[in-house]
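Taking it in order: structure first as structure tokens, then the write-up.
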Ligand SMILES: Nc1nc2c(ncn2[C@@H]2O[C@H](COP(=O)(O)OP(=O)(O)OP(=O)(O)O)[C@@H](O)[C@H]2O)c(=O)[nH]1
Ligand SMILES: [Mg+2]
């Protein structure tokens, strides 16, 4: 089986090569990745022009990560070797297949021969015969009734109503979501089969009868497509996470006819691929990743996914291979072992690169922390409206689309909250959306991105209240937050898209949210309805983050007093003989900075840490009370 995402990577690699081959430059964009690939130099370019890297003063754009090595390489290049790269690259981006493979000269081997061997190996790992075809597919949905039985039992045991206990998606709900995923991935869905299973069949996931039913559907459909002169349906998408063994067994079953025909001399190329839910989501991520960081993370997740599936892909090629560069393979190594090694090595390199990116992110975060501005992270189910809210508040121009996983790379903006006393400015980070059963490879690979969530002071959980499954979506998001250790952060629940409800329902959501003990609010990010309430609720949530201070600042500390006004709240200010007396609340980071001016310290008493700590505790306790 070959993942459909690979087609796109390959196409763009070729496109990038064509860009480099042209001459007479008019514009230059720093290349983000450079690698030697056979006789062609591969250079991929950032999608942003140099102009776009300049930011308005009150806006931070922290999602652009430029590798240090790139600028030195760029300066060594003759500018005339690039022609109108902006236009060429725009063309590449405007094509459907805009993702690029992230490679770097350091991760490929210098020697040309070795490079050729690697290229050949990777082509076989990544290439499919379906390049440029619009893929048609059928969808197989399965409900595992054993899990429902377990939930029922647990609900009875805990004396809880099953509806509020069983937050698994039903078969129908899951199928609706799968259709959206399939559409987002660019596949053309032609048929569906569903099955409710008492127990999962360990060999083929679905029952044997259903495998035959799927085969029949494929045969009928392909006969029809052939009559119409259209390419056959070659993809079967499963709404389940399949083991490599199940995937192999299913592909064997579906391709039986093709293999038999092969022996009779029929043409190859119509091999049926089985794609599980994880592969489909990975493919969407691969298509949507735009920054270097995003692409590295997706690449890592893809490689982790492929690792255990390699056997299945290449058993037909398994043989002893002799030729090869020194260090590339040992004598007697099988083709499969070589391919496995390539994948393993690549995973190590990708992890190292992601670590570097993570270090850069840490630096950014530390410098942001020094400013003392609170950080809010927008989290939520995919398509809930996170980017739309950030755009409404900042006019950030982030892609907000009615597709799943439109945002992959975190973007942080400085946001002024109008009429907001304690924190007139905050940093708001838009992050990748979650989904039920988020593939574990993705959670692991997106560690650097998800760190932004873990490090935030307050989470803004966007919930699409117009979606009938919003409760289940909310639960799935909470599960991922737990998984990444961000479950205990203060949360503001934002019930979004109230404009899609009828008026009475919208009003009751707003009222319920206003009366709720936790921080919640009903809004429409699109129309702006309820955004003033949103600001007020965020203010309440953030007030719990301030610590009380009592200071006496020398008159030379005008800047510090301005800062307290800006990021804190002053209850008493008095201009005294020795300086300005301030009683108020400030963010913890600022309190630490101002500790030398603390009245308690100056009076020679025990330091304020105890009282600060106490205040802090009280604030957190109040915050916690508000939440539960
Ligand atoms: N009617 C309505 N549509 C909204 C609202 N907020 C967002 N949308 C639409 O919902 C779709 C998804 O919005 P996004 O902002 O991209 O959602 P997201 O949560 O950032 O999605 P991902 O980046 O995929 O996780 C877009 O078509 C938006 O126009 C709202 O309040 N009302
Ligand atoms: Mg988004």
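Numbering (the UniProt record's numbering), first residue to last: 1 to 628. Just so it is clear, CB atoms sit at the ideal spot from N, CA and C, and this is done for glycine as well. Being a predicted model, the structure only gives us computed values, none of them experimental.
Which same chain residues end up closer than 7 Å to residue i when comparing Cβ atoms and leaving out the 5 residues on each side of it in sequence?
| i | result |
| --- | --- |
| residue 145 | 196, 197 and 198 |
| residue 424 | 416, 417 and 566 |
| residue 529 | 498, 499 and 523 |
| residue 222 | 232 and 233 |
| residue 438 | 480 |
| residue 513 | 495, 520, 521 and 522 |
| residue 134 | 188 |
| residue 345 | none |
| residue 365 | 455 |
| residue 110 | Note that residue 110 scores 39 on pLDDT, short of 50, meaning its location in the model is unreliable and no value can be drawn from it. |
| residue 95 | Note that residue 95 scores a pLDDT of 30, beneath 50, so its modelled location is shaky; the value from the coordinates is reported in the next line. So no residue of the chain qualifies. |
| residue 392 | 525, 528 and 531 |
| residue 52 | At residue 52 the pLDDT is 33, less than 50, meaning the model places this residue with poor confidence; the figure from the coordinates comes in the next sentence. Cβ within range, chain order: n/a, list empty. |
| residue 213 | 193 |
| residue 470 | 463 and 464 |
| residue 191 | 138, 217 and 221 |
Confirm, please, whether the CB-CB distance from residue j to residue i is below 8 Å.
| i | j | result |
| --- | --- | --- |
| residue 171 | residue 204 | no |
| residue 453 | residue 486 | yes |
| residue 247 | residue 283 | no |
| residue 394 | residue 413 | yes |
| residue 390 | residue 430 | yes |
| residue 525 | residue 388 | yes |
| residue 255 | residue 272 | yes |
| residue 217 | residue 200 | no |
| residue 243 | residue 187 | no |
| residue 462 | residue 386 | yes |
| residue 568 | residue 590 | yes |
| residue 180 | residue 404 | yes |
So, for residue i: in the same chain, excluding its five sequence neighbours on each side, which residues have a beta-carbon less than 6 Å away from its beta-carbon?
| i | result |
| --- | --- |
| residue 633 | Nothing about residue 633 can be read from this structure; the chain reaches only from 1 to 628. |
| residue 340 | 310 |
| residue 298 | 285, 286 and 289 |
| residue 467 | none |
| residue 510 | 522 |
| residue 533 | 521 |
| residue 225 | 232 |
| residue 515 | none |
| residue 363 | none |
| residue 506 | 498 |
For the putative contact between residue i and residue j, defined by C-beta atoms under 8 Å, what is the C-beta separation to the nearest angstrom?
| i | j | result |
| --- | --- | --- |
| residue 579 | residue 553 | 5 Å |
| residue 458 | residue 374 | 7 Å |
| residue 460 | residue 426 | Not quite, the Cβ-Cβ distance comes to about 10 Å (not below 8 Å), so this is no contact. |
| residue 550 | residue 504 | About 50 Å separates the two Cβ atoms, so there is no contact after all. |
| residue 167 | residue 475 | 4 Å |
| residue 708 | residue 496 | For the chain, the structure presents residues 1 to 628; residue 708 sits outside this window and is missing. |
| residue 541 | residue 572 | That belief does not hold up - the Cβ atoms of residue 541 and residue 572 are roughly 25 Å apart, past 8 Å. |
| residue 407 | residue 433 | 7 Å |
| residue 428 | residue 378 | 7 Å |
| residue 451 | residue 361 | 6 Å |
| residue 291 | residue 464 | About 26 Å separates the two Cβ atoms, so there is no contact after all. |
Keeping to the same chain, check which residues put their C-beta closer than 8 Å to that of residue i; ignore five residues upstream and five downstream.
| i | result |
| --- | --- |
| residue 239 | 139, 140, 141, 142, 174, 175, 178 and 277 |
| residue 354 | 293, 296, 297, 300, 445, 447 and 448 |
| residue 472 | 167, 168, 169, 173 and 436 |
| residue 185 | 4, 280, 283, 284 and 287 |
| residue 182 | 137, 139, 189, 237 and 280 |
| residue 202 | 246 |
| residue 347 | 300, 303, 304 and 307 |
| residue 253 | 204, 211 and 215 |
| residue 241 | 276, 277, 278, 437 and 439 |
If we define contact as Cβ-Cβ less than 8 Å, is residue i a contact residue for chain B?
| i | result |
| --- | --- |
| residue 425 | This model lacks chain B altogether, as it is built from one protein chain only. |
Task: Inside the segment 454–532 only - beta strand (DSSP E) runs reaching at least 3 residues - done: 458–464, 491–496 and 519–522
Open item on the list: Which runs of the beta strand (DSSP E) at least 3 residues long sit entirely within the segment 236–311? Give them in chain order.
Closed with: 273–275
TODO: Would you list, in sequence order, the uninterrupted alpha helix (DSSP H) runs of no fewer than 4 residues that lie entirely inside the segment 145–184?
DONE: 145–157 and 162–165
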